[in-house]
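Going by this note's numbering, 262 is the number at position 229 of the sequence shown; the sequence numbering is gapless. The C-beta atom is built at its ideal place from N, Cα and C for all residues, glycine as well. In this text the structure is predicted, and so the values were computed from the model without any measurement. Below is one structure, written out as structure tokens, with a few remarks after it.
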Amino acid sequence: MRLLAGALALAVTTGFADAQNLCLLGPDLARDCAPIRERPLLDAASAPWRAIGRVNFASTDIRQHCTGVLVADRLVLTAAHCLYNGARKRWIPPSSIRFVAGYQRGEAQAVSQVLDYVTDPAQDVQSRDFTPMTIADWAVLILEDPIGQQLGSLPIADPARAVAALNVAGYSGLRPHVLSRAGPCEPQAPRQLREVAILDCPIMQGDSGAPLLVEGADGPEVVGILSQGRATPDGARGVFLGSQLFQRGLARARDQVP
């Protein structure tokens with residue numbers, strides 16, 4: 034695990050993907066997309082995986098999705114760049130965003146409209162700009178419906194906890210209708226997850242906002258989220274934000290829940 038000062042954005046909104054770099058690995062799609070296709074599927078209809086879902090946005094000129102995870106009855110953690118429409122240079126209004134929990138091949142365990150969202154203070158959602166700071170690339174969605182009461186939510190891991198085996202669960206752009214697992218994304222030795230870290234993981238567009246999971250006593254816990262991705266000669270690398278970066282944002286979001 035090592036720190037990263039900057040990276041390429043992993044989303045349609047920020048212009049990540051093009052025809053020659055679809056799977057973050059290189060121009061040979063048959064070879065380079067194989068690690069994405071080989072990710073094992075998770076049963077999105079069952080606990081605890083049904084707490085993970087797609088963050089969907091659609092308009093007359095764009096359709097896109099990212100991944101998000103319920104961390105409370107009405108709160109979903111995702112990446113901030115997922116909420117920015119780069120084509121139109123504006124933040125997506127909450128009324129145009131839906132969280133589709135436990136999505137699997139056209140069916141969902143629950144769907145809720147987004148009422149509002151909380152971002153890092155570095156992001157001015159009233160402006161037409163997105164601040165491309167890795168450490169500020171998180172957002173907390175406030176849902177209209179408390180679907181976490183029905184589906185459950187995943188706890189946030191202690192930021193000071195030493196971690197070893199890590200996994201990512203998301204909806205990749207290559208397989209957008211199924212939830213799949215990337216990993217294990219193991220650091221070289223057990224250690225605390227720092228604010229920003231790079232892990233070897235087969236991730237791509239669509240996985241943005243996906244939870245980085247560590248196994249706790251009662252099941253998976255969220256130790257971070259996927260912000261960005263980068264291609265290297267050795268494969269895809271994921272840029273992850275540790276949970277300490279968005280703890281205050283979660284507290285602010287809880288205070289704003291109606």
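{"Item": "Between Pro154, Arg72 and Asn118, which lies nearest to Leu283 when the distance is taken from Cα to Cα?", "Value": "Pro154"}
{"Item": "Just to confirm, are Ser205 and Ile85 a CB contact at a threshold of 8 angstroms?", "Value": "no"}
{"Item": "Indicate whether Val256 and Gly271 have their beta-carbon atoms separated by less than 8 angstroms.", "Value": "no"}
{"Item": "Just to confirm, is the Cβ distance from Phe132 to Val147 under 8 angstroms?", "Value": "yes"}
{"Item": "Starting from Arg281, trace the beta strand (DSSP E) in both directions and tell me its first and last residue.", "Value": "Looking at the DSSP string, Arg281 is not in any beta strand (DSSP E); the run it does join, the alpha helix (DSSP H), is Gln280 to Gln289."}
{"Item": "Note down, in chain order, each residue of its chain lying with its Cβ closer than 6 angstroms to the Cβ of Phe279, except the 5 sequence neighbours on either side.", "Value": "Trp171"}
{"Item": "Apply the 10 Å Cβ neighbour rule to Thr265 and answer buried if 16 or more other Cβ atoms are within range, or exposed otherwise.", "Value": "exposed"}
{"Item": "Which residues in the same chain have their Cβ closer than 8 angstroms to the Cβ of Arg287, if we skip the five residues on either side of it in sequence?", "Value": "Ala105 and Leu108"}
{"Item": "State the CB to CB distance for the pair Leu187 and Val102, rounded to an integer number of angstroms; the pair is presumed to be in contact (CB under 8 angstroms).", "Value": "6 angstroms"}
{"Item": "The beta strand (DSSP E) with Ile168 in it runs from where to where?", "Value": "Premise fails: Ile168 is in no beta strand (DSSP E) and is neither H nor E."}
{"Item": "Rounded to whole angstroms, what is the Cα-Cα separation between Ser129 and Pro253?", "Value": "30 angstroms"}
{"Item": "Whole-angstrom Cβ separation of Gly135 and His210, contact assumed at under 8 angstroms?", "Value": "Contact flag wrong, Cβ pair sits at about 12 angstroms."}
{"Item": "Since Tyr136 sits in a beta bridge, which residues does DSSP pair it with?", "Value": "Paired residues: none, contrary to the question."}
{"Item": "If you draw a straight line from the alpha carbon of Leu125 to that of Ala202, how long is it in whole angstroms?", "Value": "Correcting the residue type first, residue 125 is Ile in the shown sequence and not Leu. Roughly 24 angstroms separates the two Cα atoms."}
{"Item": "Please confirm whether Leu259 and Ala113 have their CB atoms less than 8 angstroms apart.", "Value": "no"}
{"Item": "Work out the CA separation of Val158 and Leu71 for me, nearest whole Å.", "Value": "A quick correction: the sequence has Glu, not Leu, at residue 71. Cα-Cα distance, rounded: 37 angstroms."}
{"Item": "Under a three-way DSSP split, which group does Cys234 fall into?", "Value": "coil"}
{"Item": "Excluding the five sequence neighbours on either side, which residues of its own chain have a C-beta within less than 6 angstroms of the C-beta of Ala215, listed in chain order?", "Value": "Arg72, Val201, Cys234, Pro235 and Ile236"}
{"Item": "Using 10 angstroms around the beta-carbon of Arg281, count the other beta-carbons present and answer buried if the total reaches 16, otherwise exposed.", "Value": "exposed"}
{"Item": "Once you ignore the five residues that flank Ala50 on each side, which residues in its own chain have a CB closer than 8 angstroms to its CB?", "Value": "Bear in mind that a pLDDT of 36 at Ala50, under 50, signals an unreliable position, so the number given afterwards is only what the model happens to contain. Excluding positions up to five away in sequence, the list reads Gly206, Met237 and Gln238."}
{"Item": "From this set, Leu75, Gln182, Val173 and Asn118, which residue's C-alpha is nearest Gln137's C-alpha?", "Value": "Leu75"}
{"Item": "Pro127 and Asp162: beta carbons closer than 8 angstroms?", "Value": "no"}
{"Item": "If you follow the alpha helix (DSSP H) that Ala67 is in, where does it begin and where does it stop?", "Value": "Ala67 to Arg70"}
{"Item": "Mapping the DSSP letters down to three states, classify His324 as helix, strand or coil.", "Value": "Since the first and last residues shown for the chain are 34 and 291, residue 324 lies out of range."}
{"Item": "Alpha helix (DSSP H) containing Gly181: first to last residue?", "Value": "Gly181 to Leu184"}
{"Item": "Report buried or exposed for Arg121, applying the criterion of at least 16 other Cβ atoms within 10 angstroms of its Cβ.", "Value": "exposed"}
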